[in-house]
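**Q** Taken in order, the sequence shown gives residues 18 to 482; the numbers are from UniProt numbering. For every residue, glycine included, the Cβ atom is placed at its ideal position computed from N, Cα and C.
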Amino acid sequence: CGVFGVIGVTDAASFVALGLHALQHRGQEAGGIMTHCPTSGFQSAHRFGLVRDTFTKAGVMDTLPGPIGIGHVRYSTAGSKGATQIRDVQPFFGEFAMGGAAIAHNGNVTNAESIRRELIERGSIFQSSSDSECIIHLMARSFQKTIPERMKDALRRVEGAFSIVAMTRTKLIGVRDPLGVRPLVLGRLGDGWVLSSETCALDIIGADFLREVEPGEMVVIGPDGLESHRPFETRGARFCVFEHVYFSRPDSIIGGRSVYETRRAIGVELAREAAVEADLVCPVPDSGTPAAIGYSQESGIPYAMGIIRNQYMGRTFIEPTEQIRNMGVRLKLNVNRALIRGKRIILVDDSVVRGTTSMKIKDMILDAGAAEVHFRIASPPTAWPCFYGVDTPEREKLLASRMTEDEMRDHIGVDSLRFISLDGLYRAVGEAGGRNNACPQYCDACFSGEYPVAPQDMLDKGFKP
Ligand code: 5GP
Ligand code: SF4
Ligand code: MG
18 CGVFGVIGVT DAASFVALGL HALQHRGQEA GGIMTHCPTS GFQSAHRFGL VRDTFTKAGV
78 MDTLPGPIGI GHVRYSTAGS KGATQIRDVQ PFFGEFAMGG AAIAHNGNVT NAESIRRELI
138 ERGSIFQSSS DSECIIHLMA RSFQKTIPER MKDALRRVEG AFSIVAMTRT KLIGVRDPLG
198 VRPLVLGRLG DGWVLSSETC ALDIIGADFL REVEPGEMVV IGPDGLESHR PFETRGARFC
258 VFEHVYFSRP DSIIGGRSVY ETRRAIGVEL AREAAVEADL VCPVPDSGTP AAIGYSQESG
318 IPYAMGIIRN QYMGRTFIEP TEQIRNMGVR LKLNVNRALI RGKRIILVDD SVVRGTTSMK
378 IKDMILDAGA AEVHFRIASP PTAWPCFYGV DTPEREKLLA SRMTEDEMRD HIGVDSLRFI
438 SLDGLYRAVG EAGGRNNACP QYCDACFSGE YPVAPQDMLD KGFKP
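(1) Run the Cβ filter for me: residues under 6 Å from any heavy atom of ligand 2, listed in the order they occur in the chain.
(2) Taking 7 Å as the line, does the beta carbon of G233 fall inside it for any heavy atom of ligand 1?
(3) Under three-state DSSP, which class holds R371?
(4) Where do the ends of the alpha helix (DSSP H) carrying D427 lie?
(5) Does the distance between the C-beta of Y443 and the nearest non-hydrogen atom of ligand 1 fall short of 7 Å?
(6) Between C151, M184 and I437, which lies nearest to R134 when the distance is taken from Cα to Cα?
(7) So, are the CB atoms of T214 and F436 less than 8 Å apart?
(8) Using only the alpha-carbon positions, how far apart do H246 and L201 sit?
(9) Going by DSSP, name the residue or residues bridged to N123.
(10) With distances taken between CB atoms, is the gap from G359 to A321 smaller than 8 Å?
(11) So the beta strand (DSSP E) E389 belongs to, where does it begin and stop?
(12) Under a Cβ-count criterion, where at least 16 other Cβ atoms within 10 Å of its own Cβ denotes burial, should K74 be classed as buried or exposed?
(13) Could you tell me which residues DSSP puts in a beta bridge with P300?
(14) Are P108 and M156 closer than 8 Å when you measure CB to CB?
(15) Counting only the same chain and skipping the five closest in sequence on each side, list residues whose C-beta sits under 6 Å from that of S147.
(16) Would Q328 be called buried (16 or more neighbouring beta carbons within 10 Å of its own) or exposed?
(17) Between the segment 407 to 423 and the segment 443 to 456, do at least 3 Cβ pairs fall closer than 8 Å?
(18) Here's the rule I'm using: 16 or more other beta-carbon atoms within 10 Å means buried, otherwise exposed. How should Q102 be labelled?
(19) Please go through the same chain and pick out, in chain order, the residues whose beta-carbon is closer than 8 Å to the beta-carbon of R173, but skip the five residues on each side of it.
(20) Does DSSP put M381 in a helix, in a strand, or in coil?
(21) Classify N128: buried if its beta carbon has 16 or more other beta carbons within 10 angstroms, exposed otherwise.
(22) Which two residues bound the contiguous alpha helix (DSSP H) that contains F32?
(23) Which partner residues of I132 appear in the DSSP bridge assignment?
(24) Just to confirm my understanding: we take V192, look at its own chain, exclude 5 residues before and 5 after, and list those with CB closer than 6 Å. What are they?
(25) In terms of residue numbering, what span does the alpha helix (DSSP H) encompassing C463 cover?
(26) Between I137, H261 and T71, which lies nearest to E448 when the distance is taken from Cα to Cα?
(27) Does the contact criterion of 3 or more C-beta pairs under 8 Å hold for the segment 212 to 232 versus the segment 265 to 284?
(28) Contact defined as beta carbons within less than 8 Å: I believe G177 pairs with V126. What is the distance between those atoms, to the nearest angstrom?
(29) How many whole angstroms separate the CB atoms of residue 5 and L364, which I take to be in contact at a CB cut-off of 8 Å?
(30) Starting from A62, trace the beta strand (DSSP E) in both directions and tell me its first and last residue.
(31) From this set, D440, I87, H122 and L81, which residue's C-alpha is nearest L287's C-alpha?
(32) Which of the three DSSP states is assigned to R91 in this structure?
(33) Along the chain, where does the alpha helix (DSSP H) that runs through S313 open and close?
(34) Using the C-alpha atoms, what's the distance from M381 back to H122?
(35) Taking contact to mean 3 or more Cβ pairs, one atom from each stretch, closer than 8 Å, check whether the segment 61 to 72 and the segment 281 to 299 are in contact.
(36) Considering Cα atoms alone, identify which of G117, G284 and G317 is closest to T306.
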């Protein structure tokens, strides 16, 4: 998901809509905006679909006045069951003794189900099926006198990944979990302040990037400026390495590094680790493009657009049902036949999850008359589900959970298939010495099976890491 918030500007909702539009790659199912203004109080709008289709119309935007606002774009993750209801769409709002507060959450609370069971037994009435809602209920039960203090109480009880943007009548609040699994950055826009999942959303509104909200930090921004709090016990940060590989936009800066540059470096590493003779290096667009550029630069094999993407389709994987996902690849990608015929092709993609995408692309490329097909993948084999906010399927559906690299190659039906090594990936994200196995610098659980936070709800259901 993507979160965004702004305070101290005229017409906050317009900035939030633009920010969410720049974060649309983080979630395309639905979006929501909430604002506050002294005369009409809290106002909100929650909509299915893309921000550019839903939050541009005067009819909606006119209902969202005020100098402070937050928003969310939704992508349903592991815990969510069935189709999204409009009441699952964030921001979520709660009315407390000291006034209202709204929150927008990116990540996944790994003990949300046990908290929900406990709260329901004690009388809480849940509205949605979202893991994030328990935060509002925990805030309601806190005895603290201010909303930031209630939020601290609530967040000390939840486990897992959370980057949260919240608002009260007068304050904008940003928090990251102690490991800082999901991103959150802070910017300035004139006299105003901005919080965003990624820097690309600061760029779109012309805000200046100030710094990242640090892992375990809460920033509270009000009329008197910014206060920084440290509500949690500190632990070593474990940022999601897959944000670098796939999730973030290539024009964003994370941890002082350009995401594009990291992806290009992954391609360079891949070319060193898994060289092969071929005529062309082609990306699986768009997610494989920077790595393909790096692979081509390092190997000297020409880069070409062998697959063309229809710009008007969303991300395949993000469509929630299997059937739509299956159709998705064909609707979205097509082979540039004239270029492929008779050539030995290296295809570079970011990841293999179920293997559906790779299989379809291989069919299309062979059908177009390629002489050989070699897959190079910009992440290690995805062998474990993510419980921290990326929608990977159950373990059994992950190709790499039941097959070796060679078996996957034969199953997909290509001449060769190679993944970047975990150490190669760490080098590409700037860790010259590779992965520190005693104390890894990132979360890489979907590749290593080492979960930095025990996924409690899943363990309760019998999941074995
Ligand atoms: P597969 O078809 O193997 O199940 O999925 C891999 C494809 O899904 C890749 O092309 C990747 O770009 C895309 N993808 C989209 N969203 C995600 C996501 O959240 N996680 C992963 N691992 N891949 C995703
Ligand atoms: Fe990121 Fe993978 Fe960790 Fe999930 S399990 S937070 S996708 S590195
Ligand atoms: Mg892709």
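**A** Short version:
(1) V198, C257, V258, F259, C403, Y405, V407, C460, D461, A462 and C463
(2) The residue given as residue 233 occupies position 216 in the sequence shown. Not so, every heavy atom of ligand 1 lies at least 7 Å from the Cβ.
(3) Residue numbering aside, residue 371 sits at position 354 when the sequence shown is read from its first letter. In this structure, R371 counts as coil in the three-state DSSP scheme.
(4) Start at 1 with the first residue of the sequence shown, and residue 427 comes out as number 410. Taken as a continuous stretch (DSSP letters only), the alpha helix (DSSP H) holding D427 covers E422 to I429.
(5) Taking the sequence shown and counting its residues from 1, the one referred to as residue 443 is at position 426. Not under cutoff, so the answer is no.
(6) If you number the sequence shown from 1, residue 134 lands on position 117. Ranking the options by Cα distance to R134, first place goes to C151.
(7) Taking the sequence shown and counting its residues from 1, one reaches residue 214 at position 197. Taking the sequence shown and counting its residues from 1, one reaches residue 436 at position 419. According to the sequence displayed, residue 214 carries Ser and not Thr. Cβ atoms of S214 and F436: not closer than 8 Å.
(8) Sequence index remark: in the sequence shown, residue 246 carries index 229 (1-based). Sequence index remark: in the sequence shown, residue 201 carries index 184 (1-based). Each residue's Cα considered, the two are about 15 Å apart.
(9) Mapped onto the sequence shown, residue 123 falls at position 106. Beta-bridge pairing links N123 to S180.
(10) For the purposes of this step, residue 359 is taken as the residue at position 342 of the sequence shown. For the purposes of this step, residue 321 is taken as the residue at position 304 of the sequence shown. Against a cut-off of 8 Å, the Cβ pair of A321 and G359 comes out as no contact.
(11) On the sequence shown, position 372 is the one that residue 389 refers to. Residues E389 to I394.
(12) Within the sequence shown, the letter at position 57 stands for residue 74. So K74 ends up on the exposed side.
(13) On the sequence shown, position 283 is the one that residue 300 refers to. Paired residue(s): V365.
(14) Position 91 of the sequence shown, counted from the first residue, corresponds to residue 108. Position 139 of the sequence shown, counted from the first residue, corresponds to residue 156. No.
(15) Your numbering for residue 147 matches position 130 in the sequence shown. So the qualifying residues of the chain are D105.
(16) What you label residue 328 is simply residue 311 of the sequence shown in a count that begins at 1. By the neighbour-count rule (16 or more Cβ atoms within 10 Å), Q328 is not buried but exposed.
(17) no
(18) Translated into the one-based positions of the sequence shown, residue 102 becomes position 85. By the neighbour-count rule (16 or more Cβ atoms within 10 Å), Q102 is not buried but exposed.
(19) Translated into positions along the sequence shown, residue 173 becomes position 156. P248 and F249, listed in sequence order.
(20) The residue you call residue 381 lines up with position 364 of the sequence shown. M381: helix per DSSP, three-state reduction.
(21) Your numbering for residue 128 matches position 111 in the sequence shown. By the neighbour-count rule (16 or more Cβ atoms within 10 Å), N128 is buried.
(22) In the sequence shown, counting from the first residue as 1, residue 32 sits at position 15. Taken as a continuous stretch (DSSP letters only), the alpha helix (DSSP H) holding F32 covers A29 to A39.
(23) Mapped onto the sequence shown, residue 132 falls at position 115. According to DSSP, I132 bridges with nothing at all.
(24) Here residue 192 refers to the residue found at position 175 of the sequence shown. I181 and M235.
(25) Indexing the sequence shown from 1 puts residue 463 at position 446. Where C463 is concerned, the enclosing alpha helix (DSSP H) stretches over A462 to S465.
(26) The sequence position of residue 448 within the sequence shown is 431, counting from 1. Among I137, H261 and T71, the Cα nearest to that of E448 belongs to H261.
(27) yes
(28) As a first step, residue 177 is located in the sequence shown; it is residue number 160 there, counting from the start. As a first step, residue 126 is located in the sequence shown; it is residue number 109 there, counting from the start. So it is a contact: roughly 5 Å between Cβ atoms.
(29) In the structure displayed, the chain extends from 18 to 482; residue 5 sits before or after that span and is not available.
(30) For the purposes of this step, residue 62 is identified with residue 45 of the sequence shown, where counting begins at 1. G58 to F65 is the span of the beta strand (DSSP E), which, as asked, contains A62.
(31) Against the sequence shown, residue 287 aligns to sequence position 270. Ranking D440, I87, H122 and L81 by Cα distance to L287 puts D440 first.
(32) Along the sequence shown, read from residue 1 onward, the residue named residue 91 stands at position 74. In the structure shown, R91 sits in a strand (DSSP, three-state: E or B).
(33) Locating residue 313 in the sequence shown gives position 296, where the first residue counts as 1. First-last of the alpha helix (DSSP H) with S313: T306 to S316.
(34) Locating residue 122 in the sequence shown gives position 105, where the first residue counts as 1. Locating residue 381 in the sequence shown gives position 364, where the first residue counts as 1. Between H122 and M381, the C-alpha separation is close to 39 Å.
(35) no
(36) For this step, residue 306 is matched to residue 289 along the sequence shown. It is G284.
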